[in-house]
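J.:
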Amino acid sequence: MAPSTKPITPLVTSRLNNTLLVQLPSKLTVVEAVSFRHYFQQYLEDSSIEKIILDFGHTTIIDSSGIGSLITNIKSAKAKNIPLTVWSVNPQVKLAFSLVGLDQILNIDPNTEAIIPTVNRKLQQRPPLTHPSVRSRVKRTIDIVGAILGLAVTAALFVPIAIAIKLDSPGPILFSQTRCGWMGRRFRIWKFRSMVTNAEALKSAIPNQASGAFFKNDHDPRITRVGRFLRKTSLDEFPQFWNILIGDMSLIGTRPPTPDEIEQYEILNWQRLDVRPGLSGEWQVNGRSKIRNFEDVIKLDLRYQENWSLSYDFQLILKTFIVVFNKDSGAV
Numbered sequence: 190m191a192p193s194t195k196p197i198t199p200l201v202t203s204r205l206n207n208t209l210l211v212q213l214p215s216k217l218t219v220v221e222a223v224s225f226r227h228y229f230q231q232y233l234e235d236s237s238i239e240k241i242i243l244d245f246g247h248t249t250i251i252d253s254s255g256i257g258s259l260i261t262n263i264k265s266a267k268a269k270n271i272p273l274t275v276w277s278v279n280p281q282v283k284l285a286f287s288l289v290g291l292d293q294i295l296n297i298d299p300n301t302e303a304i305i306p307t308v309n310r311k312l313q314q315r316p317p318l319t320h321p322s323v324r325s326r327v328k329r330t331i332d333i334v335g336a337i338l339g340l341a342v343t344a345a346l347f348v349p350i351a352i353a354i355k356l357d358s359p360g361p362i363l364f365s366q367t368r369c370g371w372m373g374r375r376f377r378i379w380k381f382r383s384m385v386t387n388a389e390a391l392k393s394a395i396p397n398q399a400s401g402a403f404f405k406n407d408h409d410p411r412i413t414r415v416g417r418f419l420r421k422t423s424l425d426e427f428p429q430f431w432n433i434l435i436g437d438m439s440l441i442g443t444r445p446p447t448p449d450e451i452e453q454y455e456i457l458n459w460q461r462l463d464v465r466p467g468l469s470g471e472w473q474v475n476g477r478s479k480i481r482n483f484e485d486v487i488k489l490d491l492r493y494q495e496n497w498s499l500s501y502d503f504q505l506i507l508k509t510f511i512v513v514f515n516k517d518s519g520a521v
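Every letter in the sequence shown is one number past the one before it in this note's numbering, and letter 238, counting from 1, is 427.
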């Protein structure tokens, strides 16, 4: 069941002259994040406010939705030319900030660390709130073994694929792109190149047949002849086994979005970043070539999170093999 999108109790605030102090709740997950976004926009409408301080002194839990609401509010405050200062960030929340680079963007007052409420040392050392699949050592072990096997197959196929790419279209053999993973952390994804080298520059001229925060065109002219074959067989994605080996991705997970897609996210959409992105997943085995609505992508991603177990991952791996060898399969 999707969480309510209605704002909960207003945040605790106090004011001194033209400075507004906002006390964040003990946890900043999807429900609280929606409320944070809602009331923060109201604060920005007050023309007398010249500075906002966000007090994280009581906040010990934050997830991807909380990160998303914070990023959105930072942009809104910047648009209004209202400076933001952050107080009392505990180590757990600071770790979440560092995953997405917020520790470099936010003005965190170091003199307020001393007033952080005392919490259990074990609690301080915990990672940010994560989905069970991210914490599972067995899943990570399966990912490593699968990645090693996948890279071995990739190495065997590399030379013929490289020759085919070079003969068909001038340019590099591999293609890399910035994607967003767990908690919105950016990483570089690797694929065999299936498009012309100036594909990104041409993107604005290609009609988007999908609705929402992702791009799709069934007859994208940027795709090369060899590229269509690579996408049809999913061979273009084999270099992503490297991303799996180093921990950016998982064998099974959610579709990794681009930063441009995240720019269009509502707070609730950030929930899909609570898990590591996958080489395959619900979207892959449920007609990825036919999905046109971003809301359908969200539903599939959340269904995976709700149903996750090791046995469910194995089911999706098996279904992936079936889909790859199906003539109607196709790339996102």
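C-beta: ideal position from N, C-alpha, C; glycine also.
Note down, one range per segment and in chain order, each beta strand (DSSP E) of at least 3 residues found wholly within the region 216-251.
T.: Complete beta strand (DSSP E) runs here, min 3: 240-244.
J.: Would the region 380-388 and the region 464-477 be scored as touching if the rule is three or more Cβ pairs under 8 Å?
T.: Touching, no, given that fewer than three Cβ pairs across the two stretches are closer than 8 Å.
J.: Cβ of residue 250 within 8 Å of Cβ of residue 278?
T.: No, these two residues do not count as a Cβ contact at 8 Å.
J.: For residue 422, does the three-state DSSP call read helix, strand or coil?
T.: Three-state DSSP puts residue 422 in a helix.
J.: If you draw a straight line from the alpha carbon of residue 210 to that of residue 462, how long is it in whole angstroms?
T.: Computed Cα separation, rounded: 29 Å.
J.: Going by the beta-carbon positions, is the gap between residue 248 and residue 216 smaller than 8 Å?
T.: Going by C-beta atoms, residue 248 is nearer than 8 Å to residue 216.
J.: In this structure, how does DSSP classify residue 265 when only helix, strand and coil are distinguished?
T.: If DSSP states are grouped into helix, strand and coil, residue 265 belongs with the helices.
J.: Let's test the definition: count the other Cβ atoms within 10 Å of the Cβ of residue 205 and tell me whether it reaches 16, buried, or not, exposed.
T.: So residue 205 counts as exposed.
J.: By DSSP's criteria, residue 384 is part of a beta bridge. Which residues make up the other side?
T.: The partner list for residue 384 (beta bridge, DSSP) reads 412.
J.: Within 10 Å of its beta-carbon, does residue 487 have 16 or more other beta-carbons around it, so buried, or fewer, so exposed?
T.: By the neighbour-count rule (16 or more Cβ atoms within 10 Å), residue 487 is buried.
J.: Per the DSSP calculation, residue 441 is bridged to which residue(s)?
T.: In DSSP, residue 441 forms a bridge with 469.
J.: What does a CB cutoff of less than 8 Å around residue 294 pick up in its chain, not counting 5 residues either side in sequence?
T.: For residue 294, where only same-chain residues beyond five positions count, the Cβ hits under 8 Å are 263.
J.: Under the three-state reduction of DSSP, which class applies to residue 459: helix, strand or coil?
T.: Three-state DSSP puts residue 459 in a helix.
J.: Leaving aside the five residues before and after residue 366 along the sequence, list all residues of the same chain whose C-beta is less than 6 Å from its C-beta, in chain order.
T.: Cβ within range, chain order: 378.
J.: Can you have a look at residue 190 and say buried or exposed, based on whether 16 or more other CB atoms are within 10 angstroms of its CB?
T.: In this predicted model, residue 190 has a pLDDT of only 46, less than 50, meaning its place in the structure is not dependable; the value taken from the coordinates is given anyway. That one is exposed.
J.: Have a look at residue 356 and residue 386 and give me their C-alpha separation to the nearest angstrom.
T.: Roughly 14 Å between the two C-alpha positions.
J.: Helix, strand or coil: which one does DSSP assign to residue 190?
T.: In this prediction, residue 190 scores a pLDDT of 46, lower than 50, which makes its location untrustworthy; no coordinate-derived value is stated.
J.: For residue 223, count neighbouring Cβ atoms within 10 angstroms of its own Cβ and tell me buried if that reaches 16, exposed if not.
T.: Buried is the call here.
J.: Check for me: the alpha helix (DSSP H) holding residue 368 runs from which residue to which?
T.: Note, residue 368: premise wrong, no alpha helix (DSSP H); beta strand (DSSP E) at 363-369.
J.: Return the bridge partner residues of residue 204 from the DSSP annotation.
T.: Looking at the DSSP assignment, residue 204 forms a beta bridge with 209.
J.: Please check the pair residue 428 and residue 343, which I expect to be a contact at CB under 8 Å, by giving their CB distance rounded to whole angstroms.
T.: Indeed they touch by this definition, with Cβ atoms about 6 Å apart.
J.: What's the C-alpha gap between residue 439 and residue 403?
T.: Going from the Cα of residue 439 to the Cα of residue 403 covers about 21 Å.
J.: Could you tell me the alpha carbon to alpha carbon distance between residue 511 and residue 504, rounded to whole angstroms?
T.: So the two alpha carbons sit approximately 11 Å from each other.
J.: Just mark residue 407 as buried or exposed, buried being the case when its beta carbon has 16 or more other beta carbons within 10 Å.
T.: It counts as exposed.
J.: Quick one, which of 515, 337, 212, 267 has its alpha-carbon nearest residue 476's?
T.: Of 515, 337, 212, 267, the residue nearest in Cα terms is 515.
J.: Among 480, 472, 457, which one has its Cα closest to the Cα of residue 219?
T.: The residue with the shortest Cα to Cα distance from residue 219 is 457.
J.: Rounded to whole angstroms, what is the Cα-Cα separation between residue 327 and residue 359?
T.: Looking at the two C-alpha atoms, the distance is approximately 42 Å.
J.: When you compare each of 331, 345, 259, 320 to residue 490 by their alpha carbons, which one comes out closest?
T.: Among 331, 345, 259, 320, the Cα nearest to that of residue 490 is on 320.
J.: Keeping to the same chain, check which residues put their C-beta closer than 6 Å to that of residue 459; ignore five residues upstream and five downstream.
T.: Counting only Cβ-Cβ distances below 6 Å, and skipping sequence neighbours, we find 253, 254, 257.
J.: Near residue 202, which residues of its chain fall below 8 Å by C-beta distance, leaving aside the five closest residues on each side in sequence?
T.: For residue 202, where only same-chain residues beyond five positions count, the Cβ hits under 8 Å are 209, 210, 211, 212, 232.
J.: Relative to the C-alpha of residue 575, which candidate in 300, 227, 292 has its C-alpha closest?
T.: This structure leaves residue 575 out entirely; the chain is present only between 190 and 521.
J.: Please state whether DSSP places residue 491 in a helix, a strand or coil.
T.: In the structure shown, residue 491 sits in a helix (DSSP, three-state: H, G or I).
J.: Beta carbon of residue 238, beta carbon of residue 271: below 8 Å?
T.: In this structure, residue 271 lies closer than 8 Å to residue 238 by Cβ.
J.: Specify, as a first and last residue, the run of the alpha helix (DSSP H) that residue 342 falls within.
T.: First-last of the alpha helix (DSSP H) with residue 342: 326-357.
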